[in-house]
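Novice: Pasting a structure here, questions to come.
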DNA sequence: TCCTTATGAAACCGTTTGGTTGCGAATATA
DNA sequence: TATATTCGCAACCAAACGGTTTCATAAGGA
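Protein chains in written order, with the numbering used here: chain A, 70 to 173; chain B, 70 to 173.
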């Protein structure tokens, strides 16, 4: 089973969860209210996110507070880094044909 | 079938293909030599990447030259943008406990 | 204590994924 | 023309994915 941040953010629901948790930590029930699925489905996504260490569970009584753990998102950012130069230089501003010529 | 850059870069082989194509355009055969799979498997990945418009196929005789199309990678970059502030501010430099306090 | 609420885990299901093999079409070469 | 090479497509397969329903556990409230 692949467990890395790239696979984690492939799912749109998981991306939305991360965005919500970026505001403040939330319980599974509170999160589930934002989606058109069951609490258990959200819980499964939280499990994946926890295994990827993109999220951390903090118990509080009978509730569980999930918190964003931003560190591993940086891995995605670092991977993108190697392409950033390509879309920031002036060649990539031109159309695709020119890009092709440059690389061919 | 979901076809977006997030799903495209979830697969490690596809990420490696994108990195290789960032250097210069390549044919499916040339690409396949870099991996421990068949040409057809690489071809399938190229199909996905093409559908996501992360790659563009340029025919040349009986060969096909695949070129990186960087535009849609920016979508991932823009999504990450909303988290970048979190790991760039001084709070995220502290350990996870502090991060929790800040968000709780 | 009894009941409700919050949660995770397990079993199950249909679809998607990533891979293989085999094929046919089209281009280059002898 | 005949042959070899490059490639995409279709069929098939096992494993993973995303979802549901059901159940057990544990904590709060009447």
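Each residue gets a CB set at the ideal place from its N, CA and C atoms; glycine is no exception.
Can you give me the C-alpha to C-alpha distance between residue 83/B and residue 111/A, rounded to a whole angstrom?
Specialist: 28 angstroms
Novice: Please decide whether residue 115/A counts as near chain B, where near means a Cβ-Cβ distance under 9 angstroms.
Specialist: With 9 angstroms as the cut-off, residue 115/A does not count as an interface residue toward chain B.
Novice: Does residue 104/A get closer than 9 angstroms to chain B when you measure Cβ to Cβ?
Specialist: no
Novice: Of the residues that make up the region 88-112 of chain B, which ones have a beta carbon closer than 9 angstroms to any beta carbon in chain A?
Specialist: 88, 90, 91, 92, 93, 94
Novice: How is the alpha helix (DSSP H) around residue 92/B delimited, first residue to last?
Specialist: 81-92
Novice: Closer than 8 angstroms, Cβ to Cβ, to anything on chain A: give me those residues from the region 144-157 of chain B, in chain order.
Specialist: 145, 146, 148, 149, 151, 152, 153, 155, 156
Novice: With 16 other CB atoms within 10 Å as the buried threshold, where does residue 124/A fall?
Specialist: buried
Novice: At a cut of 8 angstroms, does the region 90-106 of chain A reach the region 72-80 of chain A through at least three beta carbon pairs?
Specialist: no
Novice: Alpha carbon to alpha carbon, what distance is there between residue 155/A and residue 150/B?
Specialist: 18 angstroms
Novice: Taking residue 137/A as part of the beta strand (DSSP E), name the residues at either end of that continuous run.
Specialist: 132-137
Novice: What residues in its chain sit with their C-beta under 6 angstroms from that of residue 101/B, if we drop five residues either side in the sequence?
Specialist: 108, 111
Novice: Taking 6 angstroms as the limit between beta carbons, can you name the residues of its chain near residue 87/A, skipping five residues before and five after?
Specialist: Contacts found: none.
Novice: At the 9 angstroms Cβ level, is residue 172/B part of the contact set with chain A, yes or no?
Specialist: Per-residue confidence for residue 172/B stands at a pLDDT of 43, beneath the threshold of 50, marking its modelled position as unreliable; the derived number appears in the next sentence. At a cut-off of 9 angstroms between beta-carbon atoms, residue 172/B makes contact with chain A.
Novice: In the DSSP assignment, find the alpha helix (DSSP H) that holds residue 72/A and state where it starts and stops.
Specialist: Neither: residue 72/A is in no alpha helix (DSSP H) and is coded neither H nor E.
Novice: Which runs of the alpha helix (DSSP H) spanning at least 4 residues fall entirely within the region 99-151 of chain A, listed in chain order?
Specialist: 108-120
Novice: Answer with buried or exposed for residue 136/B, where buried requires no fewer than 16 other C-beta atoms within 10 angstroms of its C-beta.
Specialist: So residue 136/B counts as buried.
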